[in-house]
Amino acid sequence: MPLHKLEDFEPNYREIFGGEDVKALELYTEGGVRVGSVADALVDDNGRFRYLVIDTSFDSGNKKILLPIGLAHIHYSENKVYVDGLSKEQVVRLPEYRESMVVNEDYEANVRNVYRSSYNQVANNQETTNYHAPELFELNAQDQQTFKLYEERLIAGKNRVKAGEVSVGKHIETETAQVSVPLQKERVVIERVNPTSESVVDIQNVDFQEGEVARIELYEETPEIHKETFVREEVRVTKVVDSNTVEAQETIRREELDIDASGNLDVNETNKPNDRVI
């Protein structure tokens, strides 16, 4: 049965595992000794994990090896993978893994022989070499159970919507206006008066004539009314932004962990969250 690199088999594998990436984990022994880091994972045709590809970093040198998935204890919360009993001697004895190679049954047999403990030895026949080694390749359900606790959070957002529209225009109104103009007009005043003295006039100095006329011009003012246009006022139309805070209250739910241990057992809870963001 051929094996496939994890990303070649499922490019979106991170989404399947809720955003977790096994390639970002470091490998440690149960005693806390760092062995290396996870470089890749190999799965079979059914998508079942078979091996973790480990890039080792012991003092003896660096090489890539295969770690059967059944020996791995994955802790995403710590970004670590723990392995039971892996020693420097085993790393040296394990065959080197290269990306260009094909993992065949002979190669896997060599890998199993290094990892398999003496009490788990099985006969080397076709049935056993065809990936039948549950102690190496099956995840221990008692050690690897994982479930997620969910909580609801209030997410505050805002949308920009049209609240209305203001239209500012102008129209014409009419009214009757009055204006007063003072005018002047000339008139003739004819006044007859008696002479103050009745003296005799020399006849030689008197020229009796008919048709003697005295002319005087009269003027008067007439009104001149016309209309002119002036700027009465200016109207500026702008907009400003007013801010206010809207508070909302909803009932949200959160899942909490219930631990029910039967018997006199020590249960250690690690990475307990202290603060929650609502």
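Taking the working numbering, the leading residue of the sequence shown gets -17, the next gets one more, and so forth. In this text, a Cβ means the ideal position worked out from N, Cα and C, and glycines have one as well. Remember, predicted model here, so these are calculated numbers, not experimental data.
Item, Value
"Burial state of S99 (16 or more Cβ within 10 Å)", "Legend: pLDDT at S99 = 49, less than 50; position of this residue unreliable, value from coordinates given subsequently. Exposed, since its Cβ has fewer than 16 Cβ neighbours within 10 Å."
"Neighbourhood of R236 by C-beta distance below 6 Å, restricted to the same chain and skipping five residues each side", "E133"
"N- and C-terminal bounds of the alpha helix (DSSP H) containing L7", "Unbroken run through L7: none, as it is neither H nor E."
"9 Å Cβ cutoff, E60 in contact with chain D", "Given the protein chain composition of this structure (a single chain), no chain D is represented."
"Status (buried if at least 16 other CB within 10 Å, exposed otherwise) for F190", "exposed"
"Contained beta strand (DSSP E) runs [length at least 3] in the stretch 14 to 73, N- to C-terminal order", "16 to 25, 31 to 38, 46 to 50, 54 to 57 and 62 to 65"
"Local conformation of E133 per DSSP, three classes", "strand"
"Helix, strand or coil at E147 [DSSP, three-state]", "coil"
"Buried/exposed call for T261, threshold 16 Cβ in 10 Å", "In this structure the chain extends from -17 to 260, so residue 261 is not present and cannot be described."
"Closest by C-alpha distance to N95, when choosing among M83, N86, V85 and R75", "R75"
"R349 - partner residues in DSSP beta bridges", "Here the chain covers residues -17 to 260 and nothing more, so residue 349 does not appear."
"E216 - DSSP class collapsed to helix/strand/coil", "coil"
"Rounded separation between P(-16) and P77 - CA only", "18 Å"
"Buried versus exposed, by CB contacts within 10 Å (16 or more), Y201", "exposed"
"Burial state of Q108, where buried means 16 or more other Cβ atoms lie within 10 Å", "Caution is warranted here: a pLDDT of 36 is assigned to Q108, below 50, making its placement in the model unreliable, and the coordinate value is therefore given only provisionally. It is exposed - the Cβ of Q108 has fewer than 16 other Cβ atoms within 10 Å."
"Distance CB(L263)-CB(V35) smaller than 9 Å", "Absent from the structure is residue 263, since the part of the chain shown begins at -17 and ends at 260."
"DSSP three-state assignment for E78, whether helix, strand or coil", "coil"
"At least three beta-carbon pairs within less than 8 Å, the stretch 141 to 161 to the stretch 170 to 185", "no"
"E199, DSSP secondary structure in three states", "coil"
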